[in-house]
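Residue numbers (this note's numbering): 23 to 491. Structure first, commentary second.
Here's what the structure looks like:
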């Protein structure tokens, strides 16, 4: 399967969450576990937690932080992490045709991500929203307490790094204010509302409605005109912002601005600032240790919300496997949210249900005992029937033997009858012969010859007697 990835790059507070959230809303996959919303970003950050942890690990092990204006990709040993990132992408986005990755630290880790995605033969689209540097400074002052000078340097460094590292890639750089007013138009110009990023079967009207309902211009709390500047904004930052607003900006101009930035950045980030930052880094290490403890506690708490996670997994599996329409996905999300809200109520009601079930179990146990008694009586009756059946079978066997003997005797009697009939026939034949002889004798006795030879027969008898003596 040919995969495609949309990389959303940009400085913190530049609108990357809105862009990524919009992609997530129209069905582009972001992962199973996303960073939840916060007070300063109520709709959510839409950052994959596995990606976030990986980026933090790379920066920490490289001795760098995201809020270091002098951070350079040359300071990071990418070869050490390429295999780990490839495995992470495989695990998080396996079987997904299109997915997005958004995490501001990627601005400084982009060579690593581009190499990993290309090794996996994944098509890459890059979106880079940007805001007025003073809007970024105001937002970071409120959220992180950064000075305007530091925030402006961070903005400049992030933009320069993102622009330089994405040269030659399929990218779209646009002002965040354009996205807030015309999100559909911006995404169309970026060519992400067409294959291979969006299925051709998706209804275009539903897609438009989904995008426009998600994007909220009211969430933009700090607003400056393009021409608004102050003494806090260095000349190279002004030039960079002006050049970005030129849709067909010239990279040679950007390179000149980059040289200016590198040459002058030390004035904003000198030795005294470095010492201060080192102290801040020590404090950050302490905070990170505390964060690790909190993460462990958070991990334990996550186990208590297993049912909710399973529902989220089911929802994401449905997004991957079924590719339902956007309206169906939104309905599914609302259903899952309602289930999550009602989950706590169900936990309470389940206790009462368990008590009822215990009573039912006791009742069933009593019924089972009665049923067992009945089964015991039934088994006894079956045993008696079996004995009777065995007796009948033995009687039947004896009768069969007697019947065989009867058949054998009958055959013998039939044979004797045949022999008797044969003898009777022979006797009848003899009787007929005797009768014939008697008749002949009678006939002889009545003849004259018999009478004339009478004297001769007497003489013969006398002679026989004499000789026998």
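A virtual CB, placed ideally from N, CA and C, is assigned to each residue, including glycine.
Helix, strand or coil at residue i according to DSSP, with G and I counted as helix
| i | result |
| --- | --- |
| residue 144 | coil |
| residue 150 | strand |
| residue 213 | coil |
| residue 56 | strand |
| residue 133 | helix |
| residue 48 | coil |
| residue 365 | helix |
| residue 221 | coil |
| residue 38 | helix |
| residue 204 | coil |
| residue 127 | coil |
| residue 282 | helix |
| residue 237 | coil |
| residue 32 | coil |
| residue 43 | helix |
| residue 486 | helix |
| residue 323 | helix |
| residue 478 | helix |
| residue 300 | Bear in mind that the predicted position of residue 300 carries a pLDDT of just 47, short of 50, making it unreliable; the figure below should be weighed with that in mind. Of the three classes helix, strand and coil, the one that applies to residue 300 here is helix, per DSSP. |
With 16 other Cβ atoms within 10 Å as the buried cut-off, status of residue i
| i | result |
| --- | --- |
| residue 86 | buried |
| residue 292 | With a pLDDT of 49 at residue 292, under the threshold of 50, the modelled position of this residue cannot be trusted; read the value that follows with caution. Residue 292 is exposed by the Cβ-count criterion. |
| residue 43 | buried |
| residue 52 | buried |
| residue 297 | Reliability fails at residue 297, whose pLDDT of 45 lies under 50, so the model's placement of it is uncertain and no value is given. |
| residue 489 | exposed |
| residue 478 | exposed |
| residue 412 | exposed |
| residue 472 | exposed |
| residue 143 | exposed |
| residue 130 | buried |
| residue 256 | buried |
| residue 380 | exposed |
| residue 239 | exposed |
| residue 217 | exposed |
| residue 184 | buried |
| residue 81 | buried |
| residue 467 | exposed |
| residue 128 | buried |
| residue 274 | exposed |
| residue 77 | buried |
| residue 281 | exposed |
| residue 23 | exposed |
| residue 32 | buried |
| residue 482 | exposed |
| residue 445 | exposed |
| residue 221 | exposed |
| residue 300 | Here the model assigns residue 300 a pLDDT of 47, short of 50, so the residue's position is not dependable, and the following value carries that caveat. So residue 300 counts as exposed. |
| residue 180 | buried |
Any non-hydrogen atom of the ligand NAD within 8 Å of residue i CB
| i | result |
| --- | --- |
| residue 353 | Of the ligands one can find in the structure shown there are none, so the ligand NAD has no counterpart to examine. |
Continuous alpha helix (DSSP H) stretch holding residue i: start and end
| i | result |
| --- | --- |
| residue 181 | 170 to 187 |
| residue 258 | 257 to 267 |
| residue 474 | 470 to 474 |
| residue 271 | Per DSSP, residue 271 belongs to no alpha helix (DSSP H) and is neither H nor E. |
Beta-ladder partner(s) of residue i, from DSSP
| i | result |
| --- | --- |
| residue 27 | 121 and 146 |
| residue 195 | 150 |
Exercise. Unbroken beta strand (DSSP E) runs of length 3 or more, entirely within the stretch 385 to 452: which are they?
Worked result: With a minimum length of 3 residues, no continuous beta strand (DSSP E) run stays inside the stretch 385 to 452.
For this session: Return the chain-ordered ranges of every alpha helix (DSSP H) run that is complete within the stretch 59 to 116 and spans a minimum of 4 residues.
Result: With a minimum length of 4 residues, the continuous alpha helix (DSSP H) runs that stay inside the stretch 59 to 116 are 71 to 83 and 104 to 115.
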